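In what follows, a structure is listed as structure tokens, so that the remarks can point back to it.
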Amino acid sequence: MENCMVLEWDHIEMNFRSYDNITGQSIVGCKAILIDDQVFVVVAQLFGGSHIYKYDESWTKFVKFQDIEVSRISKPNDIELFQIDDETFFVIADSSKAGLSTVYKWNSKGFYSYQSLHEWFRDTDAEFVDIDGKSHLILSSRSQVPIILQWNKSSKKFVPHGDIPNMEDVLAVKSFRMHNTLYLSLTRFIGDSRVMRWNSKQFVEIQALPSRGAMTLQPFSFKDNHYLALGSDYTFSQIYQWDKEKQLFKKFKEIYVQAPRSFTAVSTDRRDFFFASSFKGKTKIFEHIIVDLSL
Numbered sequence: 354m355e356n357c358m359v360l361e362w363d364h365i366e367m368n369f370r371s372y373d374n375i376t377g378q379s380i381v382g383c384k385a386i387l388i389d390d391q392v393f394v395v396v397a398q399l400f401g402g403s404h405i406y407k408y409d410e411s412w413t414k415f416v417k418f419q420d421i422e423v424s425r426i427s428k429p430n431d432i433e434l435f436q437i438d439d440e441t442f443f444v445i446a447d448s449s450k451a452g453l454s455t456v457y458k459w460n461s462k463g464f465y466s467y468q469s470l471h472e473w474f475r476d477t478d479a480e481f482v483d484i485d486g487k488s489h490l491i492l493s494s495r496s497q498v499p500i501i502l503q504w505n506k507s508s509k510k511f512v513p514h515g516d517i518p519n520m521e522d523v524l525a526v527k528s529f530r531m532h533n534t535l536y537l538s539l540t541r542f543i544g545d546s547r548v549m550r551w552n553s554k555q556f557v558e559i560q561a562l563p564s565r566g567a568m569t570l571q572p573f574s575f576k577d578n579h580y581l582a583l584g585s586d587y588t589f590s591q592i593y594q595w596d597k598e599k600q601l602f603k604k605f606k607e608i609y610v611q612a613p614r615s616f617t618a619v620s621t622d623r624r625d626f627f628f629a630s631s632f633k634g635k636t637k638i639f640e641h642i643i644v645d646l647s648l
């Protein structure tokens, strides 16, 4: 990917239109951050270093605000934004062999490296999770099972807290809640992806989903409708819907997106949309419509 496209909803034409374009080299992720009415975009890329852009009202576009040290992040694979005690952080998962996944913190003037989490583990994804009122980071890796780090309120740093056993080679971890219960979706390229539920002591598996060629298993919701999008590089991507009675996800719909890498739910003007980004083709936008079959 060579750019991060910023889209704007047109209330007259009732569609999304291009607003700005942030160009780069082999961009792997773009993450928007809102701090005190200021909008930033973290752009992680494989070559040329990663950067942070800030929206400039006078130019009505995003301009480069800050560079991220190349020495710390060699091969970024994911950006995760989170807040703890009203302070803003983001973490970049580094997937290189000597990778150093790093947490960055906002200090009112810019973002600075705050904590190096660990190295040599080829991290693929980072997910911030609130577990029983405590802040945690879950790191997935190509060389070990996902590990759980807990925020220490005294040292104000993340410390090792446990892992998710028997889940090697996880590409991505996403958290979501349904009916006040915490769940995780764990993506695997080979084998089955998993849906897990927190039972007040540990995460337990509730469902396995065949996922050969999958790079993402993304939870999303529109009101009381809960879904999982399983993106595949080899075949159609699957949308699963939560079945309240069976307490499982069931197949709902197939969509075709070339090499999907992320799915995002967006709502505006009382309409619900679903973005599917592509590594090889164009980003596709789907609309979520509820059809009344009672008539």
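If you're matching positions, the sequence shown starts at 354 in my numbering and goes up one per residue.
Glycine is no exception: its CB is placed at the ideal position from the N, C-alpha and C atoms.
Here the structure is a predicted model, which is why all the values come from computation and not from measurement.
Taking the beta strand (DSSP E) that residue i falls in, what are its first and last residues?
{"i": "residue 394", "result": "391–398"}
{"i": "residue 632", "result": "Neither: residue 632 is in no beta strand (DSSP E) and is coded neither H nor E."}
{"i": "residue 465", "result": "464–472"}
{"i": "residue 512", "result": "510–516"}
{"i": "residue 343", "result": "Only positions 354 to 648 of the chain appear in this structure, which leaves residue 343 out of reach."}
{"i": "residue 454", "result": "453–459"}
{"i": "residue 552", "result": "Looking at the DSSP string, residue 552 is not in any beta strand (DSSP E), and its letter there is neither H nor E."}
{"i": "residue 366", "result": "From DSSP, residue 366 is part of no beta strand (DSSP E); its letter is neither H nor E."}
{"i": "residue 543", "result": "It is not in any beta strand (DSSP E) - residue 543 carries neither H nor E in the DSSP assignment."}
{"i": "residue 416", "result": "414–421"}
{"i": "residue 386", "result": "380–388"}
{"i": "residue 531", "result": "525–531"}
{"i": "residue 476", "result": "476–484"}
{"i": "residue 614", "result": "613–621"}
{"i": "residue 430", "result": "429–437"}
{"i": "residue 447", "result": "440–447"}
{"i": "residue 408", "result": "403–409"}
{"i": "residue 505", "result": "500–505"}
{"i": "residue 496", "result": "No beta strand (DSSP E) holds residue 496; DSSP gives it neither H nor E."}
Can you tell me whether residue i is buried or exposed, with buried defined as 16 or more other CB within 10 angstroms of its CB?
{"i": "residue 364", "result": "exposed"}
{"i": "residue 501", "result": "buried"}
{"i": "residue 526", "result": "buried"}
{"i": "residue 455", "result": "buried"}
{"i": "residue 585", "result": "buried"}
{"i": "residue 548", "result": "buried"}
{"i": "residue 630", "result": "buried"}
{"i": "residue 580", "result": "buried"}
{"i": "residue 447", "result": "buried"}
{"i": "residue 382", "result": "buried"}
{"i": "residue 643", "result": "exposed"}
{"i": "residue 560", "result": "buried"}
{"i": "residue 624", "result": "exposed"}
{"i": "residue 429", "result": "buried"}
{"i": "residue 583", "result": "buried"}
{"i": "residue 504", "result": "buried"}
{"i": "residue 664", "result": "What the structure shows of the chain is the stretch from 354 to 648, and residue 664 is not part of that stretch, so it cannot be assessed."}
{"i": "residue 662", "result": "A question about residue 662 goes unanswered here, because the residues of the chain that appear run from 354 up to 648."}
For residue i, which residues from the same chain have a beta carbon less than 6 Å from its beta carbon, with the 5 sequence-adjacent residues on both sides left out?
{"i": "residue 378", "result": "398, 400 and 401"}
{"i": "residue 435", "result": "442 and 481"}
{"i": "residue 492", "result": "476, 479 and 500"}
{"i": "residue 551", "result": "535"}
{"i": "residue 359", "result": "372 and 373"}
{"i": "residue 515", "result": "501"}
{"i": "residue 419", "result": "405 and 463"}
{"i": "residue 638", "result": "626 and 628"}
{"i": "residue 385", "result": "394"}
Just to check my reading of the structure: residue i and residue j have Cβ atoms closer than 8 Å, yes? What is that Cβ distance to the nearest angstrom?
{"i": "residue 373", "j": "residue 415", "result": "6 Å"}
{"i": "residue 589", "j": "residue 607", "result": "4 Å"}
{"i": "residue 539", "j": "residue 568", "result": "With 8 Å as the limit, residue 539 and residue 568 do not qualify as a contact, their Cβ atoms being about 13 Å apart."}
{"i": "residue 591", "j": "residue 603", "result": "In fact, because the Cβ distance is near 10 Å, the residues do not count as touching under 8 Å."}
{"i": "residue 396", "j": "residue 403", "result": "6 Å"}
{"i": "residue 572", "j": "residue 545", "result": "That belief does not hold up - the Cβ atoms of residue 572 and residue 545 are roughly 17 Å apart, past 8 Å."}
{"i": "residue 362", "j": "residue 621", "result": "5 Å"}
Which residues in the same chain as residue i place their Cβ atom closer than 7 Å to its Cβ, once the five residues preceding and following it in sequence are excluded?
{"i": "residue 433", "result": "443, 444, 479, 480 and 481"}
{"i": "residue 587", "result": "565 and 566"}
Which same chain residues end up closer than 8 Å to residue i when comparing Cβ atoms and leaving out the 5 residues on each side of it in sequence?
{"i": "residue 451", "result": "427, 472 and 473"}
{"i": "residue 636", "result": "358, 628, 629 and 630"}
Using a Cβ cut-off of 7 Å (strictly closer), state whether residue i contacts chain C.
{"i": "residue 571", "result": "No chain C is part of this structure, which consists of one protein chain only."}
- Query: Of all the alpha helix (DSSP H) runs that stay within the bounds of the segment 554–600, which reach a length of 4 or more residues?
  - Reply: none
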